[in-house]
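**Student:** With mature numbering (1 follows the signal peptide of the UniProt record, and there is no 0) applied, the sequence shown covers -29 to -1, 1 to 527.
Just dropping this structure here.
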Amino acid sequence: MEAKLVSMHFVLFMIGYIVLPLLASGAIANQSSNAEFIASKNEDLKVPCPSGWVIRPDKSRCFKYIRNSHSWDESESLCKSFGGHLASLTSYEELNSTQKLCGETVNGCWVGARGINHTTVGFGWKWSDNVSQTQWNESVFPARPFNSSCSNLSCGVDSSVDLCALVTNRSTTLLVERCNASHASICMLNFENKCYHFHCHREYLIILGVVSGLILFTTFAVVIWLLAYKRSKRRRRSRKLSNAAGSALVPPSWKVFTSEELRSITKNFSEGNRLLGDAKTGGTYSGILPDGSRVAVKRLKRSSFQRKKEFYSEIGRVARLHHPNLVAVKGCCYDHGDRYIVYEFIVNGPLDRWLHHIPRGGRSLDWAMRMKIATTLAQGIAFLHDKVKPHVVHRDIRANNVLLDEEFGAHLMGVGLSKFVPWEVMQERTVMAGGTYGYLAPEFVYRNELTTKSDVYSFGVLLLEIVSGRRPAQAVDSMGWQSIFEWATPLVQSHRYLELLDPHLASSSSDIPEAGVVQKVVDLVYACTQHVPSMRPRMSHVVHQLQQLAQPQVVK
């Protein structure tokens, strides 16, 4: 609706902007034309003649003197080339005008009369324009007979001779001459239905300009309106898809806890309830709700920058994301700047512990477990990238944010959590020990760009960590700190793929994958960690590749 109103205001503005100047210019042009060309109100419809022509005498016809001598027929053709005819005379005024225009031409000038019959009492005439009066008689020129070269009306005329009319200053009447004789001529233009100047058409041009302007800018406004409507429709469709995806997969509700409730279920955040995790972000504690279900309460660092409304809005958005391989958000709490997120409890804890600090009573992960962890983790990330509209970038994929259930399926934790982590903590994570960049993609490190391809890079680093059991940066006595790729690349280049496997895997498991299977996994690692983001695969493709490797052949 807002787009429609904006478009209509735009249309009205553009119409006013175009039409009013055109009307004003038309009025000015009209006044200018009247001042220049019209001497009186009655002459408003009179039109000036083209250059070289004169208007005589009723201001409805123009005449032109042609000096070159031609026959009557040739003169008529010449006049037609101007759009007129040889002059047709209908009054004494026009006769006098053409006599003056012919001037002192000795032999006279052709006019448009041509004989059609000859008698001893007069002549019959036809005018070349086929409009003017065709008979010369006393009602037109009383007592003014048309004489030939003889001296009286009784002269006989040879009817076989083709005769045409001349006008000259030497006679007060028309003269008769053979049509094939050569004389100057007087041409005539009838201006009753003709116009040769711009101002004659000014009214039509003004109307044409106004109509053209209206059509042009109405079309332009309609195009703008259609684009705005299409954009609005696309946004509504995107919201519907997002809501549909959310409503089908989202928990029915999430709870806003009080700080007293959280202290009660975590035994006042006692150390006995503290779970292993990143203490720099505030710590995580286990708790039991009144209904007996177990939860994990993540306490965030106190912040004075984020308000309660913003915090609840972001938690609500994250809580709507529900997938078997994402850690579900049960609720949150905001208490005078203290922020808490309540998650579902995942029994086997973070992946980092199983890769680098095997729990008491636990066992190292075998190859099948590692592939299951990688596959289910990839499924959770692919859901964020492909099924949620608009897509979600996790931003912080690492071993500590992957929790394992009792079947060692992966659950990705911390979706949207990076927005709550203080800038200083994120900066510490950016540059890890030894100056390495760990899980972070190069485009984020150097250009602060985060896209779905950044998550793909982080997953590639974590996949190599799952296979090798090495951290992204690890202390080496002789070299100080060494990144996981500095260690792995020489082995890959020399095709020593089995040496990439976690030593715990080789020592505690009887099922060791073939070198070809390890090679395919490592190829996927390097595909995910290419420096050019667009060259990295989509997570849906990664899921497909890992599923194909789910049942590898093994060496007994």
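Note that beta-carbon positions come from the ideal geometry of N, C-alpha and C, so glycine has one too.
#1: Using a 10 Å radius around the Cβ and a threshold of 16 neighbouring Cβ atoms, would you call L137 buried or exposed?
#2: Starting from I312, follow the beta strand (DSSP E) in both directions and report where the run begins and ends.
#3: Quick one: grab the DSSP three-state call for F415.
#4: Output yes or no for whether 8 angstroms exceeds the beta carbon distance between R509 and A498.
#5: Assuming contact is defined by CB atoms lying nearer than 8 angstroms, are G440 and H475 in contact in what I supplied?
#6: Taking 6 angstroms as the limit between beta carbons, can you name the residues of its chain near H515, skipping five residues before and five after?
#7: At which residues does the beta strand (DSSP E) containing Q453 begin and terminate?
#8: Nearest by alpha-carbon distance to A459: which of D448, W452, L471 is it?
#9: Going by beta carbon distance, what residues of the same chain come within less than 6 angstroms of L(-7), once the five residues before and after it are set aside?
#10: Relative to the alpha-carbon of S68, which residue among F34, K343, H365, L348 has its alpha-carbon at the smallest distance?
#11: I want to know whether the region 424 to 431 touches the region 322 to 340 - three or more CB-CB distances under 8 angstroms.
#12: Check the DSSP bridge columns for C304 and list the partner residues they point to.
#13: Return the chain-ordered list of same chain residues with a C-beta closer than 6 angstroms to the C-beta of T500, the five sequence neighbours on each side being excluded.
#14: Starting from F430, trace the alpha helix (DSSP H) in both directions and tell me its first and last residue.
#15: Look up N161 in the DSSP assignment and give the residues it is bridged to.
#16: In terms of DSSP beta bridges, what is V514 paired with?
#17: Give me the Cα-Cα distance between V364 and S335, rounded to the nearest whole angstrom.
#18: Considering Cα atoms alone, identify which of P330, E420, L433, Y408 is closest to V373.
#19: Thinking C-beta only, is L57 closer than 8 angstroms to G83?
#20: Going along the chain, which residues of its own chain have a beta-carbon closer than 6 angstroms to the beta-carbon of V182, five neighbours each way excluded?
#21: CB L348 to CB L383, shorter than 8 angstroms?
#22: Which residues in the same chain as H362 place their Cβ atom closer than 7 angstroms to its Cβ, once the five residues preceding and following it in sequence are excluded?
#23: Going by CA-CA distance only, name the one from V492, R291, V503, Q445 that's closest to Q518.
#24: Below 8 angstroms CB to CB, which residues in the same chain sit around E436 once its five sequence neighbours on both sides are set aside?
#25: Whose C-alpha, out of H154, G86, K280, is nearest the C-alpha of E75?
**Tutor:** So, from the data block:
#1: buried
#2: 309 to 315
#3: For F415, the three-state secondary structure derived from DSSP is helix.
#4: no
#5: yes
#6: none
#7: 451 to 454
#8: L471
#9: Caution is warranted here: a pLDDT of 49 is assigned to L(-7), below 50, making its placement in the model unreliable, and no coordinate value can be reported.
#10: F34
#11: no
#12: Y311
#13: Take T500, set aside five residues on each side of it, and the residues of its chain with a beta-carbon closer than 6 angstroms to its own are Y428, G431, in chain order.
#14: 423 to 439
#15: R32
#16: DSSP lists no partner for V514.
#17: 31 angstroms
#18: L433
#19: yes
#20: none
#21: yes
#22: L355, H356, T423
#23: V492
#24: L326, A370, R442, P443, I455
#25: H154
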